[in-house]
Amino acid sequence: MKSIRIAMIGSGYVGLTTGACFAEIGHQVVCVDNDEAKAAMLQEGKIPIYEPGLESIVHRNAAKGRLSFSTSIKEGVEKAQVVFITVPTPPQPDGSVDMSFIEKVAREIACSMTEYKIVVDKSTVPVKTGEKVAETIRRYAKARVEFDVVSNPEFLREGSAVEDLLHPDRIVIGVQSPRPVQMMKDIYAPIEAPIIVTDINSAELIKHAANSFLALKISYINAVSVICEASGANVEEVARGIGMDRRIGRHFLNAGIGFGGSCFPKDLSAFIKIAEQLGYDFAMLREVRKINQSQLERFVRKIEETLWVLREKRIGVLGLAFKPNTDDVRMSPAIELCRRLQARGATLRAHDPKAMEKAKRELKNVEFVEDMNAVAEGCDALVVATDWPEFKKLDLARARAAMTHPIMFDGRNLFDPKEMERMGWIYKSVGR
Ligand code: UGA
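Have a look at this one:
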């Protein structure tokens, strides 16, 4: 296999994990970040995020000299045959995407290019960004330097990013000419997955359309969960029954307190905005967003209906990350839930296996508890907000004995309702 020299511009979630995995499959990678403290930390082998399997890959490849870190885009571009843009595309208040990081990086890449480069956009961007990036590079590059722009969206999930990168369902390569295709295929040659070569606009749309569809699936099952509760049906049985239809599939049909994170909420709003700018009212996706928002509120009301007044009530919260196996609390439904309970006067104790440090920056006046089995002490109710698998091993007898009343609100349907009732819990979950 060919070892290709690659620069990742932006060493955040996507840049760092993708760069490390590219090194792992044999390429020579430099991860660039303008945050000097972060680059220094990475150079010392410290990883700023919790992602299963990432640390050992970074250490192994740094030791082998295949993975290095820098703060200089110029150095990255000079060393690389292929330059990946992996900088953030944060949301603006109106839902549209802030493209200033992409634009700035495109300019800096242009200024540093002295020979043919392939510039690959991996960040999640609105359709037609590739055209803009190419235009910007052409404008700022020294005359006659040739380049190709490629769109290569990322489909990794936090918490299983390494696995998703090394075993993807598909690899999407959007190009405007055939010239960069072979090099892109060479990069991914060690990975077994179907490759879709398409135009840049379609590649960019695939990403927003995929994330919005997954968000739609979650809102759909959450809406069905409301019907299940009203009719006495069980949403898990319904999800099982519809999920066995291969055209539907069981994945992303878990009802709960809704989706969060740095991708779905942002990408959904961005896609609605992109559609609007292109003259289409994507009302269906507006509804997906609305259902997601009301799902959390409905859960808070469920807690209130049972506990009546939340003022002076002590509630134990299990889970703060936006999903399991990550320390990421950005747009976490669990954090939002804590805020809403506090706003109604409740006192909170909380535990998360990995996200407590980050949650401390988001939440005030919460008692953070290191041992998940100690969270319930003196509480009027226990709430499950993130579906960490370890919560299933909670010492329920100990929790029950430590509480004023054994009441659990399970926002992720982790426990078996019948079993909980048998153990004497007042147990409320979602759609069951
Ligand atoms: C998501 C996509 O799954 C990735 O394919 C994509 O690459 C990524 O966004 C991105 O754009 O970078 P991620 O946000 O890391 O990945 O996490 P997911 O596993 O998709 O979960 C998102 C949210 O949906 C979480 O809050 C999770 O709890 C919730 N969820 C997921 C449900 O409520 N129900 C489900 O059935 C599945």
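Just add 294 to wherever you are in the sequence shown, counting from 1, and you've got the numbering used here. Backbone N, C-alpha and C define an ideal beta-carbon position, used for all residues, glycine too.
F576 and H645 have their C-alpha atoms some 38 Å from each other. When the Cα atoms are used, A301 and R360 turn out to be separated by approximately 12 Å. In terms of Cβ geometry, I465 and I431 do not form a close pair [threshold 7 Å]. Ranking S445, V677, G370 and D415 by CA distance to the CA of M407 puts G370 first. Contact between I303 and F363 fails: their C-beta atoms lie close to 12 Å from each other, not under 8 Å. A straight line joining the alpha-carbon of R534 with that of K436 spans about 58 Å. Counting only residues of its own chain and dropping the five nearest sequence neighbours on each side, I629 has a CB closer than 7 Å to the CB of L614, V623, A653, E656 and L657. Counting along the chain, I512 sits inside the alpha helix (DSSP H) bounded by residues I494 to S525. Only buried fits F316, as 16 or more other CB atoms lie within 10 angstroms of its CB. Taking 4 residues as the minimum length, the alpha helix (DSSP H) runs contained wholly in the stretch 682-719 are 690-696 and 711-716, in order along the chain. At least one heavy atom of ligand 1 lies less than 6 Å from the C-beta of F449. By the CB criterion at 7 Å, T311 and L336 fall outside the cutoff.
Listed as beta-bridge partners of E661 by DSSP are R643. Three or more Cβ pairs closer than 8 Å define a contact, and the stretch 439-447 meets that threshold against the stretch 413-422. Minimum Cα-Cα distance from I319 among the listed residues Y482, K686 and R438 corresponds to Y482.
The beta carbons of G725 and C522 sit about 4 Å from each other, so the pair counts as a contact at 8 Å.
For A675, the uninterrupted beta strand (DSSP E) run begins and ends at A675 to V678, by DSSP.
Taking Y344 as the centre and dropping the five residues before and after it, the same chain places the C-beta of T620, D621 and K648 closer than 7 Å to its C-beta, in chain order. In this structure, the CA atom of R544 is about 44 Å from the CA atom of R401.
Shortest gap from the CB of G613 to any heavy atom of ligand 1: 6 Å or more. For G389, the Cβ stays outside the 6 Å cut-off from all heavy atoms of ligand 1. D442 has I412 as its beta-bridge partners, per DSSP. Contact annotation: L708 and K722 have beta-carbon atoms that are not nearer than 7 Å. Per the Cβ contact rule, the stretch 455-474 is not in contact with the stretch 505-524 (fewer than 3 Cβ pairs under 8 Å). The Cβ-Cβ distance between C673 and M697 falls below 7 Å. Your pair R694 and M717 checks out as a contact, with CB atoms roughly 7 Å apart and the cut at 8 Å. CA-CA distance, D480 to I298, rounds to 8 Å. Proximity of the beta carbon of E713 to ligand 1 is not indicated: no heavy atom of the ligand is located closer than 6 Å. CA-CA distance, A374 to G424, rounds to 20 Å.
Bounds of any beta strand (DSSP E) do not take in V381, whose DSSP letter is neither H nor E. Beyond the five residues adjoining it in sequence on each side, I542 comes within less than 8 Å, by CB distance, of I536 in the same chain, given in chain order. Around the Cβ of P484, a 10 Å sphere holds fewer than 16 other Cβ atoms; the residue is exposed. The beta carbon of Q587 sits closer than 8 Å to those of G552, all from its chain and outside the five residues before and after it, given in chain order. If you look at G389, you'll find it isn't in any beta strand (DSSP E); DSSP assigns it neither H nor E.
A distance of 7 Å or more separates the beta carbons of G610 and A679.
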